[in-house]
Every structure is written in structure tokens, then in C-alpha cells.
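Comments concern the structure below.
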Amino acid sequence: MLPFVVAGGVLTAISFFWGIYSYDPKSAQYNLIAATLKSIGGVSINLMAPVFAAFIAESLSKRAGLVAGLVTGMIALNGGTGFLGALVGGFIAAYIVKLVEMCFTWLPDKQFRGLKSIFLTPVFSVLLSGVVMTLINTPMAALNTGLMDWLKTVQNVSPILLGIIVGAMCAFDFGGPVNKAAYLTGTALLAQGNYYFMAGVSAACIAPPLATTVAVLLKPKAYSKSERSAGYVNALLGSTHITEGAIPFAAKNPIKNIPAFMVGSAIAAALSYVGKVQVPAPHGGFIILPLVNHPLMWVIYILIGAIASGILLALIAGSDVKKARANGPRVDIFTGEVIEEDDKETSNAKENIVSNKLNPADILEEQNIKVGVKVNSRNEALQFLAEMAKEQGLATDSEKVYNAYLKREQESTTGMTDGFSIPHAQK
390 MLPFVVAGGV LTAISFFWGI YSYDPKSAQY NLIAATLKSI GGVSINLMAP
440 VFAAFIAESL SKRAGLVAGL VTGMIALNGG TGFLGALVGG FIAAYIVKLV
490 EMCFTWLPDK QFRGLKSIFL TPVFSVLLSG VVMTLINTPM AALNTGLMDW
540 LKTVQNVSPI LLGIIVGAMC AFDFGGPVNK AAYLTGTALL AQGNYYFMAG
590 VSAACIAPPL ATTVAVLLKP KAYSKSERSA GYVNALLGST HITEGAIPFA
640 AKNPIKNIPA FMVGSAIAAA LSYVGKVQVP APHGGFIILP LVNHPLMWVI
690 YILIGAIASG ILLALIAGSD VKKARANGPR VDIFTGEVIE EDDKETSNAK
740 ENIVSNKLNP ADILEEQNIK VGVKVNSRNE ALQFLAEMAK EQGLATDSEK
790 VYNAYLKREQ ESTTGMTDGF SIPHAQK
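In this text, residue positions in the sequence shown follow the numbering used here: the first is 390, and each later residue adds one.
Shown next as C-alpha cells:
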């Protein structure tokens with residue numbers, strides 16, 4: 390999901406160079422190019438929620454979960470539940486897909502495979518997961534309204550306490566109902582001439598992406614190449630108040646990383662309130678520094694919060710790496726691929742694997758090409774291929790290969806029953 394955030398975030402950031410309100414036709418700053426860039430950037434960033442939900446659903450329920458995941462992600466986006474809503478929606482979609490598939494297991498695969506995969510599973514899984522997600526959105530909207538009303542009553546309490554509350558809210562769900570309550574309250578108070586409240590909100594929203602930059606700089610070996618690149622890009626996104634760059638890092642380990650972000654955001658917001666910083670614009674990040682009453686101090690406060698979160702994130706990532714090395718390979722949060730370790734021991738092991746790897750060209754020899762094989766069914770053909778794999782030394786257990794073929798065919802046909810096929814199996 391990171392490319393959506395990076396592409397959308399960078400385009401949005403560029404649009405601000407024409408002015409904070411250059412996208413608004415009613416503003417004197419309006420510029421067609423800026424408005425176009427912000428519009429395209431917004432679409433890209435908004436796609437992140439449905440793609441995130443679809444990715445979760447697909448990882449848990451295979452290809453069948455993609456459609457339901459996209460739908461629950463869109464409902465989360467439209468309902469304002471943000472990143473956490475998409476996270477929940479992805480799991481809901483995945484398990485409902487599994488439930489629907491179980492309900493139709495009584496239908497024979499041979500006659501109804503196409504009907505189940507193209508019609509029954511997607512229709513019922515989208516219907517059920519969509520209804521559940523819609524029901525979740527309703528209390529989330531009420532939560533947003535309630536939090537906004539509550540925040541207006543606590544705006545005059547201790548600046549440190551207010552900073553902790555606002556900072557924790559902003560970093561809790563990155564665009565969800567809790568974050569939105571803080572942001573919309575700040576925007577509403579701006580209209581009343583209160584520039585003080587928005588200073589803490591903006592600081593709390595800017596700190597998380599910058600924290601990821603700090604984390605990958607402090608502990609580069611704990612992150613993959615794409616994760617490190619994302620951290621560097623987040624320096625730009627954070628500087629322009631685009632908080633979404635932190636979401637992939639939060640999604641990597643929500644239980645540990647979200648509290649780490651909340652700590653830094655709370656520090657940044659609390660320092661902004663203690664320093665009596667005033668920010669008269671609801672967005673723009675460091676681009677609006679000329680409008681801030683204490684610009685240098687505000688930047689320092691934000692950096693202090695970002696560094697605090699960054700240190701925590703780096704420590705968490707380092708701890709996770711040690712556990713992962715003991716339990717198995719790590720997976721890149723952006724590409725889904727196994728992360729390659731940099732140490733010499735791993736490199737040597739990798740070289741040994743590569744040197745012993747079978748060259749696919751070796752299989753394409755005359756004795757391995759079979760013509761006119763007498764089989765009477767799909768299953769017999771798959772059994773023949775499984776036995777052949779064992780004979781050629783490509784597998785040690787033909788029965789496991791055969792079962793893997795069948796499992797793959799259940800997901801969606803490879804064309805075996807139509808007279809052509811490229812059957813395949815995964816370990």
C-alpha cells in the first residue's frame with residue numbers, strides 16, 4: 390500500500406507550493422495545476438484503505454478475499470473509520486469468505502466450481518461483510534461526534550494534559566474517528582479565532598512520519614530496503630502534514646508501534662501547548678511556518694516528539710528482528726517478500742542454495758516430454774505429474790505434490806478440464 394501513500398502524498402505536497410488553499414476555486418490562491426495535483430493525490434491516498442483491507446483479506450482467504458476486502462475497505466473509507474476500520478474490515482472480509490466457502494462445500498467442485506468462485510462466494514461474502522462493516526461504521530461516527538464535543542470542553546485544561554490527550558488521539562488511528570475528532574475540533578476552533586489548539590493537533594500529525602525516518606536511520610538493519618526507502622520519503626510527507634506515510638509502519642505491528650507513535654505525538658503536542666504556539670492554518674506542515682508565531686520552537690518541539698517515537702520504533706524493530714530470526718524469515722510490509730538478511734552467515738547460506746538450485750532448462754529434455762499419456766480424468770493427470778516430479782528428483786513425496794495440485798485447482802481452475810493447463814503447486 391505504500392506506493393499509494395507516496396504517490397498521493399508527494400503530489401499533494403507539491404500542490405501546497407502554490408498556497409495552502411490553492412486547490413479551492415473560491416480562494417484567491419486558486420491554481421488549476423495545484424488543484425489537479427491535489428485531486429489526483431487525494432485519490433491515490435484514499436485508495437490505501439481499500440487496498441490495505443483487500444491485502445489482509447487476500448492473505449487470509451486467498452484470491453476469493455480480494456473483492457470482499459476491497460468493498461469493506463471502501464466502506465471504511467467512506468464511513469471515516471480510516472486505517473483501523475480498514476484493518477478490521479480486512480479481517481471481517483477474510484473470515485466471512487471462509488464461512489461462505491464452508492457453506493457451499495456440499496456443492497460438487499466438478500460441476501459448480503465456476504458458479505461458486507464467480508457468483509456465489511463473491512456475492513454472499515460482499516453482502517455479509519458489507520453489512521457487518523456498515524453496522525460498525527455507525528457507532529464509529531457517533532464516537533467521532535462524542536469525542537469532538539468532549540475535546541471542546543477540555544481545551545482549557547492543563548497544556549500538558551491537553552497535549553497528551555490530543556497527541557494520543559491523533560496517532561491512535563491515523564485518519565479514523567479518533568484522529569478526525571481531534572483534527573475537526575481544531576479546524577472548528579480556528580473559525581472561532583483559536584489558533585492555539587491547532588498547533589498541538591498539527592504537531593501530533595506531523596511527528597509520526599518523521600519518526601519513521603528517525604527509526605530507519607537509527608536501526609537500518611532492522612528494516613528492509615523498501616522499508617528504509619519509505620522512511621526517507623516520510624521526511625517529505627511528514628514535513629507537509631501528510632500523516633498517512635506512517636500507516637504501513639503502524640500496520641506492521643499495531644500493538645507495539647501505535648503506542649510508540651502516540652508517545653511522540655503526545656510529546657510534540659504538549660510542548661506546543663506549553664510553548665503557546667499558534668498555528669492559523671489547518672494543514673500544510675512546515676510550509677506554513679511563516680504564519681506560525683514561534684516557528685523555530687514549533688519545529689524543535691515536533692522533532693523532539695519524532696525522535697522519541699523514532700527511538701521506540703527502532704527498539705521495537707530490533708527486538709522483532711531477533712525474535713524473527715529465531716522463528717523464521719521476516720516479511721517486507723510493503724512488498725510481501727521475505728527480507729534478505731545482510732550478515733555473512735546468511736549470505737553464505739544463500740550462495741549454497743543458489744549453487745544447488747535446479748536450472749529450469751534442465752527439465753526441458755526429450756525424456757521429460759510426454760506425449761499421448763493415457764489418463765481418464767483430471768485427477769489421474771495430476772497424479773501422473775506428481776509421480777513424474779518424484780522420479781525426476783523434484784519432489785520426495787508424490788502424494789503431497791498431488792494434494793497441492795488439488796488445492797490449487799480448488800481456488801480456480803488452471804484449465805485442466807478444458808484440455809489445456811499449466812498445473813502448479815506451492816510448498
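Virtual Cβ for every residue (Gly too), placed ideally from N, Cα, C. Keep in mind that this is a model prediction, so the values were computed, not measured.
Measuring alpha carbon to alpha carbon, tell me which of the options ends up nearest residue i.
{"i": "G575", "options": "V605, I758, T542 and L476", "result": "T542"}
{"i": "V440", "options": "T425, I464, I429 and S428", "result": "I464"}
{"i": "I644", "options": "F493, V681 and A560", "result": "A560"}
{"i": "E798", "options": "L509, I693, K641 and F501", "result": "F501"}
{"i": "E769", "options": "P609, E788 and E780", "result": "E788"}
{"i": "D538", "options": "L426, V567 and G462", "result": "V567"}
{"i": "F393", "options": "I691, A775, S433 and T461", "result": "S433"}
{"i": "T534", "options": "D413, L573 and E780", "result": "L573"}
{"i": "V688", "options": "L599, G503, K608 and L606", "result": "L599"}
{"i": "A457", "options": "K610, P511 and I696", "result": "P511"}
{"i": "L459", "options": "S518, L771 and L504", "result": "S518"}
{"i": "K610", "options": "A635, F650, K711 and L685", "result": "K711"}
{"i": "T425", "options": "A442, I403, A580 and A417", "result": "I403"}
{"i": "A640", "options": "S428, M437 and L400", "result": "M437"}
{"i": "K608", "options": "S708, Y584 and Q781", "result": "S708"}
{"i": "Y333", "options": "G673, V681, G699 and D786", "result": "Here the chain comprises residues numbered 390 to 816, so residue 333 is not present and cannot be evaluated."}
{"i": "C594", "options": "D498, G454, A571 and Y412", "result": "A571"}
{"i": "I693", "options": "L626, K779, A577 and A592", "result": "A592"}
{"i": "G462", "options": "P684, K569, Y621 and N435", "result": "N435"}
{"i": "K499", "options": "E780, Y791, G782 and R767", "result": "R767"}
{"i": "M680", "options": "C492, K569, F650 and Y584", "result": "What sits at residue 680 in the sequence shown is Leu, not Met. Checked all of C492, K569, F650 and Y584; the closest Cα to L680 is Y584."}
{"i": "A453", "options": "L606, L774, G503 and A697", "result": "G503"}
{"i": "F650", "options": "G627, S698 and S450", "result": "S698"}
{"i": "Y819", "options": "L774, T523 and G634", "result": "The structure shown does not extend to residue 819, since the chain is modelled only from 390 to 816, so the question has no answer here."}
{"i": "I700", "options": "G782, A442, L606 and S613", "result": "L606"}
{"i": "L516", "options": "V790, I485 and T494", "result": "I485"}
Please tell me whether residue i and residue j are closer than 9 Å, where the distance is taken between their beta carbons.
{"i": "L702", "j": "T601", "result": "yes"}
{"i": "A659", "j": "L551", "result": "yes"}
{"i": "A604", "j": "F638", "result": "yes"}
{"i": "G556", "j": "A596", "result": "yes"}
{"i": "G479", "j": "N526", "result": "no"}
{"i": "G408", "j": "G430", "result": "no"}
{"i": "I445", "j": "L476", "result": "yes"}
{"i": "P669", "j": "I677", "result": "yes"}
{"i": "F472", "j": "T629", "result": "no"}
{"i": "I705", "j": "N642", "result": "yes"}
{"i": "A483", "j": "S448", "result": "yes"}
{"i": "K763", "j": "M777", "result": "no"}
{"i": "F508", "j": "V489", "result": "no"}
{"i": "M558", "j": "G474", "result": "no"}
{"i": "V399", "j": "V546", "result": "no"}
{"i": "L579", "j": "P671", "result": "yes"}
{"i": "V395", "j": "L626", "result": "yes"}
{"i": "K796", "j": "D786", "result": "no"}
{"i": "V521", "j": "I549", "result": "no"}
{"i": "S450", "j": "K427", "result": "no"}
Shorter than 8 Å, the distance from the beta carbon of residue i to the closest heavy atom of the ligand PLP, or not?
{"i": "A424", "result": "Ligands displayed in this structure: none; no statement on the ligand PLP is therefore possible."}
Taking only beta-carbon atoms, is residue i less than 9 Å away from chain D?
{"i": "A424", "result": "No chain D is part of this structure, which consists of one protein chain only."}
Inset, instruction - Check whether the stretch 659-676 touches the stretch 573-590, counting contact only when three or more Cβ pairs, one atom from each stretch, lie closer than 8 Å. - result: yes
Inset, instruction - Scan the stretch 496-545 and note each continuous alpha helix (DSSP H) run of 4 residues or more that stays entirely inside, going in chain order. - result: Residue ranges of uninterrupted alpha helix (DSSP H) with 4 or more members, entirely inside the stretch 496-545 and ordered along the chain, are 498-504 and 510-543.
Legend entry - Given 8 Å, three or more beta-carbon pairs between the stretch 412-421 and the stretch 646-656: They do not touch, by the three-pair rule.
Inset, instruction - Evaluate the contact criterion for the stretch 649-658 versus the stretch 617-626: three or more CB pairs, one atom per stretch, below 8 Å. - result: no
Legend entry - Residue ranges of each alpha helix (DSSP H) within the stretch 407-489, 4 or longer: DSSP runs (the alpha helix (DSSP H)) wholly in the stretch 407-489: 421-435, 437-450 and 454-468.
Inset, instruction - Write down every uninterrupted run of the beta strand (DSSP E) in the stretch 598-673 whose length is 3 residues or greater and which is fully enclosed by it, in chain order. - result: none
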